[in-house]
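Q: One structure coming up, written as structure tokens, with questions to follow.
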Amino acid sequence: MDRFFHDIRYSIRTLARTPGFTLIAVLTLALGIGVNTTIFSVVYHVLMKPLPVEEPERLVHIWETNTKHNITQAGASVRNFADRRSQNRVFEAMAGYQ
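In this note's numbering, each residue's number is its place in the sequence shown (first place is 1) plus 142.
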């Protein structure tokens, strides 16, 4: 254990003698850890975290096709969504997102 503490003291003395290198090393580590933490957090919340619904396998995504402008899988307008929701006889509930 004495050898370990001796190595730690030696490392601190060496880093204190070269403050520029120490600063760059600390900033590089901080940046790398921060970027990795951010990326892994985003990946977890987007891909891994379960959806906040009871039965996510029952969710469906509905889109429109605009033949006039040759657009497939277009989002529905608010008016079309409201019409569909008022005439709904199939789905238990409907929700829209932007």
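Yeah, the Cβ is synthetic: ideal placement off N, Cα and C, and Gly gets one too.
(1) Quick check: the stretch 213 to 232 against the stretch 188 to 205, are there 3 or more CB pairs under 8 Å?
(2) Within a Cβ cutoff of 7 Å, which residues of the same chain sit near A167, ignoring the five residues on either side of it in sequence?
(3) Note down, in chain order, each residue of its chain lying with its Cβ closer than 7 Å to the Cβ of T164, except the 5 sequence neighbours on either side.
(4) Where does the unbroken alpha helix (DSSP H) through N178 begin, and where does it stop?
(5) Here's a check: name, in chain order, each residue in its chain whose Cβ is nearer than 6 Å to the Cβ of L171, leaving out the five neighbours to either side.
A: On the basis of the supplied data:
(1) yes
(2) The residue given as residue 167 occupies position 25 in the sequence shown. Taking A167 as the centre and dropping the five residues before and after it, the same chain places no C-beta closer than 7 Å to its C-beta.
(3) Residue numbering aside, residue 164 sits at position 22 when the sequence shown is read from its first letter. Take T164, set aside five residues on each side of it, and the residues of its chain with a beta-carbon closer than 7 Å to its own are L157, in chain order.
(4) Along the sequence shown, one-based indexing puts residue 178 at 36. Unbroken alpha helix (DSSP H) run through N178: 161 to 185.
(5) In the sequence shown, counting from the first residue as 1, residue 171 sits at position 29. Excluding positions up to five away in sequence, the list is empty.
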